[in-house]
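What follows is a short report on a single structure.
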Amino acid sequence: MSKSRHSRIVEILRERLGRDKVFDNPDVVSLYIREPEGISADEMPDAVAFPESVDDVSIIASTAYKYQIPIYPQGSTTSLSGSAVPFEGGVVISSSRLRKIREVSIVDSYVWAEAGVRIDDLNVELAKYGYMFPVDPASSSVATIGGAVNSGAGGMRGAKYGTMRDWVLGLTITLPDEEGTTMFIGCKTTKCRQGYDLVRLIVGSEGTLALVSDAVLRITTLPENVVVAVAFYDKLSDLMETVIEIKSSRINPYIMEFMDSKAVAAAAGYIKPSIRAEGNMLLVGVDVNYEATERMLSTLRDIMAKRALSTYTAQSFEEAERKRLLDLRRSLFPSQVLNARRNLGKDNVLVIIEDIAVPPSKLVDAVEMIKNVSDDLGFDVVVGGHVGDGNLHPSIGIDPEDPAMTKRAHEWFLEVMKIAVKLGGTVSSEHGIGTLKKEGLRMELEAHGAAKALEIMRSIKRIFDPKGILNPGKVV
Amino acid sequence: MASASPLKALLEFLRDSTLRVGLPVPLPMEEIYSWALPLRLPRMGSVILYTGALYQLMPYIESLTRYLSALEGSRVSDTLLRLARILIATPKLTRTLLAPEPARVERARRILTNISRLLSSSGVAHAYPYEDDLYSGVLLYDLGLDDAFAEVAGRVYRKLKEHGASTVITVDPHTTNILRNVYPSYVDGFDLEVVNYLEVLSRAAEESRIRLRGLVSEAVIHDPCFYARYLHIIDEPRKILERSGVKVLEPRRSREATYCCGGPVESVAPRLASKIAETRLKELAEKSKNVVVLCPICYTNLSRANKLGLRILDIAEVVEAEVPGSGSPQ
Amino acid sequence: MEPGEAASFILREYSKCMSCGFCEAACPTLPFGPHRGYGPRGRVRLASLAVENGSISAEGVAGIYTCLLCAACMLRCPAGVDIVGVVRLARELLARGAIRAPERIPLRLVG
Chain Z
1 MSKSRHSRIV EILRERLGRD KVFDNPDVVS LYIREPEGIS ADEMPDAVAF
51 PESVDDVSII ASTAYKYQIP IYPQGSTTSL SGSAVPFEGG VVISSSRLRK
101 IREVSIVDSY VWAEAGVRID DLNVELAKYG YMFPVDPASS SVATIGGAVN
151 SGAGGMRGAK YGTMRDWVLG LTITLPDEEG TTMFIGCKTT KCRQGYDLVR
201 LIVGSEGTLA LVSDAVLRIT TLPENVVVAV AFYDKLSDLM ETVIEIKSSR
251 INPYIMEFMD SKAVAAAAGY IKPSIRAEGN MLLVGVDVNY EATERMLSTL
301 RDIMAKRALS TYTAQSFEEA ERKRLLDLRR SLFPSQVLNA RRNLGKDNVL
351 VIIEDIAVPP SKLVDAVEMI KNVSDDLGFD VVVGGHVGDG NLHPSIGIDP
401 EDPAMTKRAH EWFLEVMKIA VKLGGTVSSE HGIGTLKKEG LRMELEAHGA
451 AKALEIMRSI KRIFDPKGIL NPGKVV
Chain A
1 MASASPLKAL LEFLRDSTLR VGLPVPLPME EIYSWALPLR LPRMGSVILY
51 TGALYQLMPY IESLTRYLSA LEGSRVSDTL LRLARILIAT PKLTRTLLAP
101 EPARVERARR ILTNISRLLS SSGVAHAYPY EDDLYSGVLL YDLGLDDAFA
151 EVAGRVYRKL KEHGASTVIT VDPHTTNILR NVYPSYVDGF DLEVVNYLEV
201 LSRAAEESRI RLRGLVSEAV IHDPCFYARY LHIIDEPRKI LERSGVKVLE
251 PRRSREATYC CGGPVESVAP RLASKIAETR LKELAEKSKN VVVLCPICYT
301 NLSRANKLGL RILDIAEVVE AEVPGSGSPQ
Chain S
1 MEPGEAASFI LREYSKCMSC GFCEAACPTL PFGPHRGYGP RGRVRLASLA
51 VENGSISAEG VAGIYTCLLC AACMLRCPAG VDIVGVVRLA RELLARGAIR
101 APERIPLRLV G
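Chains as they are written, first to last, in the working numbering: chain Z, 1 to 476; chain A, 1 to 330; chain S, 1 to 111.
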């Protein structure tokens, strides 16, 4: 964009929003161009705008429409798919000043929160009432409601509670049109048949269809207690047998996480655990009423210990914390960083995290295939994931300054997605399509004979965003 | 809302005052040591109680901050800070000008007196350096004024050695950290053992060398960042409080994960410091009306923002040595 | 620390940052700041840009000096970036004039 046009747009936005809501100095703007996974815009956008109300959002949308400025909604930029990176210049819209929790209604079982509220902050508030919002992406400490809506986020509790699409009741959205049309879609009730389900269309649309200012979310009760068990298995098939037995015993775990032996070794090297951490790890938490604690724990212990090398249990999350049973899982990410640094012999490394899902029954095959592909491409892969819903996060560490390796990493990414499609799974479970997985999305739809779906998606995009200014280049 | 900070002038003021007067706010040294006079502590000894002047300075820093806060954003503040150079030459004028609440000044003296008594009751004899109880230079280090800091650190070390120190007992987290973890890289041949009085006291209590009593029955504890994350002094204050019969309540963010009081930016950005303090106070208030703090900066910043009517107390105002036959706690 | 040494320390620590943003959850100043420069992820980036450019904007300076050095962020950082060290050394470089900065620093607050 030309310098004069750039400064004119910034001036117009400042005039309409107020000076303190628009920043265009390069120092500040450069804080909004990068996502983890090394995804970064080459060209600097013109400005970052900080709306403080729905009206502000509407002003930005109509201004962007009038002057044909690309706009990019952004929360904390933790999608891992590049969906919030401003690749084509224009204006980033940060949700960081939209952080009010407007209403908590226990009797109506919802919370109404603005887009910039962080998930963990929301849960701190809800916990005061004995309630929670159960969608818990690994980044929940910083991930925002708006970002989670846009990326269709999931998390550890996905098997039990589903993902964002199961918890959003209504949304205030703004369209990039002449008026910056703003409206509330959906309901404040769980049951809601409002013609076509626009709410679910927006959830997971990665900011390509409308700007989300606030959301009405379903909430649920906090469990009275969660018992925890961790066990280590020599063979992955033993771990999967255990999972099957847990499910067959009418247990629907609160969380059910797994890490392969390499991930365990890396994490153990990082935290120096107090337990014997060798083999493939299964971590299971089951929500119970207090009175059922002993009974559930002994059932769980029996099932998990049957095939295990070692098994550890805790009566509650607090006890699990004290015994440090959750630490290995928590250090999955940092230990991968350290591992990559050791393997590559440098500080500046990139950890690439995949996000496929396969039917849980195919997990053993999937892990096997992922390992083979990684070996072929010369990557040291570690695999962790949410075993309850078949969501796997294989990851590799690469040197971002090595073009050949970066190219191989892209190949690896594609190969892993192929495995997902082959096994009847999906290329993205909870991180989204962004820019990273457009190829994968096409592949998956074609494999199902649904190439036409992509055309429909593009038509929908044109209806919502006729000028193609809303988060351009993403998803479709 | 935007306002401009007289950052540069402020940095120069802190640096010049510390270099010339030995304190970041130019005060007569008797303001710093007069608390110790009634105790008749020796001037020389291998174990030196070194306060680093932080407790004594805080009431004055608080009034200075109040001035800066009122002027935040105006160009007058630059001018005033330039005028402040005159103060550096006449510390007595500063005292008159800043005129902190006498109760606050008295309180700092009382706390230090109690700390000294607690140490003595634990069987830890100690000397005090009086006019050489200089400021440690923490602020200069934190603000990146390294050359000035190095000079201050060297001077403080020499003074402590002149008083015969081989062990230094510190009384606040910032001074403890700077002496223990930073001085060794800035002072050639630094050879002082640095112990914090909470470490001394909790050990003494554990070994039953002292009997403690508490002046409140329960309180929520606010861990200072520097004890919790830089020094790992976390269990010590809890042990001391529990041994004193004070029930310790934990706020949502406590121990290593404690939430800052906002104090470190109070001179640069006073309104920001207040907002952070208000956030923390709300969290503390969920657990108790009594708040125990362990650091004079935390005390000052939290008290300044205390609109909830909480009772904020330093641990050395809550705990005292039980003297045999002195009766039961109130 | 020598300016050259401080500068390379800052660049090295920034190179470790993957921009995951986990540090921001713990930062007391970020929620009251006008932009990410008032949080750890932003500050580390601002410091490295300042070293690269030899200068920094007034907004950048505000970010660097509003840090509490409370180190809460460092508990969360999966990459082990010495965030406090970076901020302090950026201040040192600013104080020495090794990084050029505007005279007047705006301090903006929100919320």
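The beta carbon of each residue, even a glycine, is placed where N, CA and C say it ideally should be.
The model shown is predicted, which means the values in this text are computed figures rather than measured ones.
Check, Outcome
"If you check the beta carbons only, do residue 294 of chain A and residue 251 of chain A fall under 8 angstroms apart?", "no"
"Give me the subset of the region 21-34 of chain Z whose CB atoms are less than 8 angstroms from a CB atom of chain S, sorted by chain position.", "23, 25, 26, 27, 28, 30, 31, 32 and 34"
"Which residues in the same chain as residue 329 of chain A place their Cβ atom closer than 6 angstroms to its Cβ, once the five residues preceding and following it in sequence are excluded?", "Because the pLDDT of residue 329 of chain A is 43, which lies under 50, any placement of that residue in the model is unreliable, and the question is left without a value."
"Per DSSP, which residues does residue 383 of chain Z bridge with? Please list them.", "Z:394"
"On the CB-based measure, 16 or more other CB atoms within 10 Å of its CB, does residue 76 of chain Z come out buried or exposed?", "buried"
"Checking contacts by CB at 8 angstroms: is residue 233 of chain A closer than that to chain S?", "no"
"Interface residues of chain A around residue 92 of chain S at Cβ under 7 angstroms?", "144 and 146"
"Assign residue 334 of chain Z to buried or exposed, taking buried as 16 or more other Cβ atoms, counted over all protein chains shown, within 10 Å of its Cβ.", "buried"
"Less than 8 angstroms separating the beta-carbons of residue 378 of chain Z and residue 408 of chain Z?", "yes"
"Given that a residue counts as buried once 16 or more other Cβ atoms are within 10 Å of its Cβ, and exposed if not, what is residue 285 of chain Z?", "buried"
"For residue 219 of chain A versus residue 248 of chain A, is the C-beta spacing smaller than 8 angstroms?", "yes"
"Please report how far the alpha carbon of residue 17 of chain A lies from the alpha carbon of residue 44 of chain S, in whole angstroms.", "30 angstroms"
"Any beta carbon from chain S within less than 8 angstroms of residue 257 of chain A's own beta carbon?", "yes"
"Count the other CB atoms within 10 Å of the CB of residue 309 of chain A; is the residue buried (16 or more) or exposed (fewer)?", "exposed"
"Which residues in the same chain as residue 44 of chain Z place their Cβ atom closer than 7 angstroms to its Cβ, once the five residues preceding and following it in sequence are excluded?", "26, 29, 30 and 33"
"Need the endpoints of the alpha helix (DSSP H) that residue 73 of chain Z sits in, please.", "Residue 73 of chain Z -> not in any alpha helix (DSSP H); beta strand (DSSP E) instead, spanning 71-74."
"Counting only beta-carbon atoms, is residue 70 of chain S nearer than 8 angstroms to chain Z?", "no"
"Taking Cβ-Cβ distances below 9 angstroms as the criterion, which residues of the region 262-287 of chain A are in contact with chain S?", "262, 263, 264, 265, 268, 269, 271, 272, 273, 275, 276, 279 and 280"
"Taking Cβ-Cβ distances shorter than 7 angstroms, what residues in chain S pair up with residue 77 of chain Z?", "21"
"Is the CB of residue 180 of chain A under 8 angstroms away from at least one CB in chain S?", "no"
"Out of curiosity, what's the CA-to-CA distance linking residue 341 of chain Z and residue 14 of chain S?", "15 angstroms"
"If we require 4 or more residues per run, which alpha helix (DSSP H) segments fall completely within the region 177-263 of chain Z?", "198-202 and 236-248"
"Check the Cβ-Cβ distances between residue 89 of chain S and every residue of chain Z, and say whether any is below 8 angstroms.", "no"
"DSSP has residue 222 of chain A in a bridge; who is on the other side?", "A:293"
"Would you mind giving the Cβ-Cβ distance between residue 438 of chain Z and residue 475 of chain Z, rounded to the nearest angstrom? I have them listed as a contact below 8 angstroms.", "7 angstroms"
"Write down the C-beta distance between residue 160 of chain A and residue 149 of chain A rounded to the nearest angstrom, noting that I regard them as a contact closer than 8 angstroms.", "Between residue 149 of chain A and residue 160 of chain A the Cβ distance is about 16 angstroms, and since that is not below 8 angstroms, they are no contact."
"Closest to residue 358 of chain Z by CA distance: which of Z:336, Z:389, Z:381 and Z:368 is it?", "Z:389"
"Let me know the beta strand (DSSP E) ranges lying completely inside the region 150-205 of chain A, each 3 residues or longer, listed in chain order.", "167-170 and 193-196"
"Going by beta-carbon coordinates alone, are residue 398 of chain Z and residue 337 of chain Z separated by less than 8 angstroms?", "no"
"How many Å lie between residue 74 of chain S and residue 229 of chain A at the Cα?", "9 angstroms"
"Using 8 angstroms as the Cβ pair cut-off and three pairs as the minimum, do the region 62-70 of chain A and the region 461-468 of chain Z touch?", "no"
"Kindly indicate which three-state DSSP category residue 247 of chain A falls into: helix, strand or coil?", "strand"
"At a Cβ threshold of 8 angstroms, is residue 60 of chain S touching chain Z?", "yes"
"Tell me residue 112 of chain Z's beta-bridge partners as DSSP assigns them.", "Z:103 and Z:216"
"Measuring alpha carbon to alpha carbon, tell me which residue in A:244, A:58 and A:106 is nearest residue 217 of chain A.", "A:244"
"Inspect the beta-carbon positions of residue 290 of chain A and residue 311 of chain A and report whether they are closer than 8 angstroms.", "yes"
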